[in-house]
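Here's the structure we're looking at; comments come further down.
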Amino acid sequence: MSRLYWLLVVAGAASGCNAYIDGTGEKAPGGPGGSNPVVSGTAGTTSTTPPVVDPNQPPTAQVACASADTQTIGHRALRRLTNAELETSIRATFGLDAAAWTGVNLPSDAGSHDGFTNNVDSLTVGPDYAKGTLDGAKKLASLISGDALLTKLAPCSSAADRACAETFVSSLGAKLYRRPLSGNEKTRYLALYDKITAKEDFKSFAYWAATALLQSPHLIYRSEVGEPDGSGHFKLSAYEIATELSFAFTGGPPSAALTELAAANQLSTPEQIEAAARGLVFDGQTVKPAFRDVVLHFANQWLGLAGLSNIKKDATLYPDFSSEVQESMAEETRRFFSSVVLEEQGNVQSILTAPYTYVDGALAKYYGFGTASGVDFARVTRPANWGVGLLAQGSLLAVQANGLTTSPTRRGYLVRTKLLCGAVPPPPAVVGAIPEPTATQTTRQRYEIVHEANPSCGGCHALMDHIGFALEHLDSAGRYRETENTFPIDDTGTVSGTTAGDVKIKGASELATTLANLPEVSDCVSSYVAAYALGLNHESAACLVSNAARELRGGKSLLDFYVGIARSEHFRQRR
Amino acid sequence: MKRSFNSEHAKQLVRSQISRRRLLQAAGLTAVAPAFLTGGGPAIAQTAGQPLRLVCWPLMNGAEAQFFYPGGGDASVLSTITEPLRKYASLATFVRGLKVDGAENHFAVRATYSGGSVSSYDSPDPTVKSVDQLIGDSIAAKAATPLKSVHLGAIPADSIQYYKQGRNKFFYAPTPVDYEANPVTAFDRLFGDSAVTQPKPMGSDYTTDTLDLVGAELGELDARLVGAQSELNKLQLHKDSLASLRAAGMKPPVTTPVITGPLASVEKLRASLQGKTGEAYKYSYFSDIFDAQVDNLARVLISGMSRVATLQAGSADNDLIVPVGQGYPHHLTSHGDQPTFSKLQNWYFGKMARLLEALDVDDPLAPGATVLDNTVVVVIGECLPYSHSSNGVPAVLLGKLGGKIRTGGVIDAKGASNKTLMSSILKAFEVDPAHFGATTITGVLT
């Protein structure tokens, strides 16, 4: 049992954690909890808490990792496509642009507790989804069975015979199912052909066949089921691996080239799979746009930046925090992440300590540094005191803050959960009131009065607030401030319970470098990356990619880590 | 009581051809009994044809009593928060002193309408049907509507919200019921081509054959996944969903009054929101989205497309900016100055007034009454804003429900729970409450 785990459990149990998570009275973002991987007492290694089986929880495809350091394989799974993945698949199959087809019309994808919307347990087919699929399939079938598209998809349709029906189903089915159809599957479609064409014409068959194909579980789910390999495990087929690769590295279905590799059984060994993955990532030395989009989508969900456009700051205190600035901040972070991770192929340390950022004209004016103008972004070195790396990004600082004031709790919570993978007990059922911001106190003082003076609050809040305090020179709207309400700012803090012990810090840059030097931070980030790539919770994903995580910890790039996921046994087999 | 059209948008909701071919007879109940429910004996039992409607409308983050309840026992006096309902004050029935049984704090949202036990943010979802689903089942058995229930949202709780992502639904069937957060998508699904007039298939309808084909593929997957219980459960849910589609297809089509034409509030948003799921979560659209979803919901109820509907507007425990004055974050404000927070909740009741106004039109299913006459809107908060206690949560019923509810008063629930309130609603709809909630409640509010 790790030291931090005990710290958290004892703090939570003894105190009831009877406090606000935030100095403004807000609860813990995300409703933290669960058996997160936690840091062991031995520097440089990690472990996970022993899995706790809750009989009240439904069965899950998640993995109960015995240790994050011991690589294992996960369970068989059917991963329902996200709405975006389904739409991309349909567009790719039928060559439909936005003008021809407006897209899927289905319930929103549910999110996981990690904030990702592609989790294997969260995506299911309920009544609304099934109804939406049927309705949507019929609309698309009308397009597909129309003269223009049908002639293109099935040139033989003028013959309107059984052979053409088989060709129609086989060719479209192979694209939609991401593998050739089985004999049984073809037989069922041909039986449908026989039934319909006893009374109707070929176009009618095309309509109903398309309606069925577009509802098929083989389209809707990514199969990661495999076949028994005789050793108690299940070996994924080459087509299943091609599908894994394609969605993980491009966000869409396999290309013809990747499908050909599968057909030729060229996706069997780790080397073959890694080579295919690199082919999806790189075009020569350049990272392909589809992979860039995947990485940036991950970052957006990992850091919870989707809410940036909804942030509103106090108009008196932050009059120039405009929607234009917010949009530029979002693009700033995309460019920063892309530059560090993809162009410079940095590692976790690089993300946390890169001394530069990107600004356009609006941000140069807003921040007061940089020489960019207009909508063109320029790379600029951050001024001293403005912090470094990811944690100094205006977008992240603004999202993890309140309208009037900063939020050491929210900022600390983000670091504790998304960079340290620490567990913070859920907030209590009933919480009391806290003082409003005043002109006579700093935010830190308000937090200390509320949280630290009360032992029942301090246990949990020390895990978060003492990290967030280090960012106090960066205000609620993401800019440097020398003082707060004319008072000097105390930006000292502590990152507690690490493999390096309780580390004292002062300021944003020291926080960043401290975190960058902790091996558990590398492991934590890799577990979130793997969670996104594999559609699992990060606690589960950690032990499926242990080998690649070890390499990342040793200095390899994050991009290499992502590609390394494709080398894992989990990518080829299941239990 | 019959009211005439009284606003342009109300007219728009029912404009055009309303078919009277299948108008149902109104029960014509006007009795005013001394209790909350107007008796229960056979003399006033609901007929199968009485077109009663239910709306569930959660009140996020609750309200402090002094701002929510009328000063005395007369509901018509109203309160700071409910003042926008002045025109319909006689239709309000306040319930004071309710507790949410088996849940506390914001996570009680999962318990209020379901009666499930939810002991923490991390608790599994309830596994019981919520009140809307039980009533929907009952209506489907007696006089089916095209849709059993309709669930809409205006920037509702979702995966980016705080309280336990993925476990933030209000309504259960018994798995969480999805809602539609995009009013343009909702309109198109409810009233657009894909809903009212499916693309016309050539010749006969082979929908069932396609479902059979999909079912056969699911069966094959089942066989391959023996031992993988989570995935088998997933397939079972999928199969059950197909079964419900198949069952819906087997029934003779239910004809309801046809209401066609665009809704101005929806069309105002079409260019911005059509096909853009994420845009429907932008706070800048909140008020317009709210209006559009209210109008969608009203049209559903007026036409009889469904007689059960829910609307999640905003979410508890999140700082959605409410466009009152300079704009206030909802949850953060709930913790602070209560007069300010009451203005925010007052704004929500302004939207409620829009709904009541929209429903205050001739009931095409019950000549001589308005839709509002045959409706009850059940409003309940999950906890109190300041303390986050779920003891004494605010609740109000709006509407007479065909004369089944004695309106215009303040009921002291004396510590009764949400289960008692929901059981009372179930009984008003002549639904046996025995299967409601985690434990059975036999009494009703009086």
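Chains as they are written, first to last, in our numbering: chain A, 6 to 580; chain B, 215 to 660.
Think of the CB as a built atom: it goes at the ideal place given N, C-alpha and C, for glycine as much as any other residue.
Please read all numbers here as calculations on a predicted model, not as lab measurements.
With 16 other CB atoms within 10 Å as the buried threshold, where does residue i fall?
| i | result |
| --- | --- |
| A/N490 | exposed |
| B/S517 | buried |
| B/G595 | buried |
| A/R85 | buried |
| A/G116 | buried |
| B/S230 | Only weak support is given to the placement of B/S230: the predicted model assigns it a pLDDT of 33, under 50, and the question is left unresolved by the model. |
| B/K301 | exposed |
| B/H602 | buried |
| A/T54 | Because A/T54 carries a pLDDT of 44, less than 50, the predicted location of this residue cannot be relied on, and the following value inherits that uncertainty. With 16 or more Cβ atoms within 10 Å of its Cβ, A/T54 is classed as buried. |
| B/V440 | exposed |
| B/H649 | exposed |
| A/V526 | buried |
| B/Q375 | Summary for B/Q375: the model assigns pLDDT 45, below 50, so the residue's position carries little reliability, and this model does not support an answer. |
| B/Q559 | buried |
| A/L322 | exposed |
| A/R387 | buried |
| A/R555 | buried |
| A/K32 | Residue confidence is low: A/K32 scores 41 on pLDDT, short of 50, so the model does not pin down where it sits. Its coordinate-derived value is still stated next. It is buried - the Cβ of A/K32 has at least 16 other Cβ atoms within 10 Å. |
| B/A224 | Because the pLDDT of B/A224 is 46, which lies under 50, any placement of that residue in the model is unreliable, and the question is left without a value. |
| A/K204 | exposed |
Are the CB atoms of residue j and residue i within a distance shorter than 7 Å?
| i | j | result |
| --- | --- | --- |
| A/L402 | A/G498 | no |
| A/R297 | A/L347 | yes |
| B/L366 | B/Q507 | yes |
| A/A247 | A/A215 | no |
| B/L615 | B/V591 | no |
| A/H456 | A/G463 | yes |
| A/L148 | A/A211 | no |
| B/D531 | B/H545 | yes |
| B/G329 | B/K633 | yes |
| B/E431 | A/S221 | yes |
| B/L427 | A/A467 | no |
| A/R81 | A/R449 | no |
| B/T704 | B/V314 | Missing from the structure shown is residue 704 of chain B; chain B here goes from 215 to 660 and no further. |
| A/Y134 | A/L111 | yes |
| B/T294 | B/S556 | yes |
Residue i bridges to which residues according to DSSP?
| i | result |
| --- | --- |
| A/F239 | A/P233 and A/R579 |
| B/W271 | B/V593 |
| B/D576 | B/T584 |
| A/D288 | A/T291 |
| B/R460 | Answer by DSSP bridge pairing: none, since B/R460 is not bridged. |
| B/N605 | B/K313 |
| B/Y542 | B/V536 |
| A/F492 | A/E489 |
Under 8 Å between beta-carbons, which chain A residues line up against residue i? List them in chain order, please.
| i | result |
| --- | --- |
| B/D402 | N110 |
| B/T399 | N110 |
Which residues of chain B have a Cβ atom closer than 9 Å to the Cβ of residue i, listed in chain order?
| i | result |
| --- | --- |
| A/S355 | Neighbours of A/S355 on chain B: none; closest Cβ ~28 Å, over 9 Å. |
| A/T93 | What A/T93 touches in chain B: nothing, since even the nearest Cβ is about 14 Å away. |
| A/I454 | Under the 9 Å cutoff, chain B gives no residues; its nearest Cβ is about 16 Å from A/I454. |
Against residue i, what residues of chain B qualify as contacts under a CB-to-CB distance less than 8 Å, listed in chain order?
| i | result |
| --- | --- |
| A/V404 | Result: empty, since nearest Cβ-Cβ is about 11 Å, beyond 8 Å. |
| A/K317 | Y497, I535, G541 and P543 |
Kindly list, in the order they appear in chain B, the residues whose Cβ is closer than 7 Å to that of residue i.
| i | result |
| --- | --- |
| A/T65 | S444 |
| A/N407 | L546 |
| A/H80 | A442 |
What does residue i reach in chain A if we use C-beta pairs closer than 9 Å?
| i | result |
| --- | --- |
| B/Q488 | T107 |
| B/A430 | N189, E190 and R193 |
| B/S517 | Near B/S517 there are no residues of chain A at all, since even the closest Cβ is about 18 Å away, more than 9 Å. |
What does residue i touch in chain A if you count any residue whose Cβ is under 7 Å from its own?
| i | result |
| --- | --- |
| B/G550 | E441 |
| B/S458 | P132 |
- request: Inspect the CB distances between the segment 494-510 of chain B and the segment 268-287 of chain A and report whether three or more fall short of 8 Å.
  value: By the Cβ test, the segment 494-510 of chain B is not in contact with the segment 268-287 of chain A, since fewer than three Cβ pairs between them sit closer than 8 Å.
ask   = Are at least three pairs of beta-carbons, each pair with one atom in the segment 467-477 of chain A and one in the segment 414-433 of chain A, less than 8 Å apart?
value = yes
Checklist entry - Contact between the segment 364-382 of chain A and the segment 327-342 of chain A: three or more CB pairs below 8 Å? => result Between the segment 364-382 of chain A and the segment 327-342 of chain A there are three or more inter-stretch CB-CB distances shorter than 8 Å, so the stretches are counted as touching.
| query | Is there contact between the segment 318-337 of chain B and the segment 491-502 of chain B, where contact requires at least three CB pairs shorter than 8 Å? | reply | no
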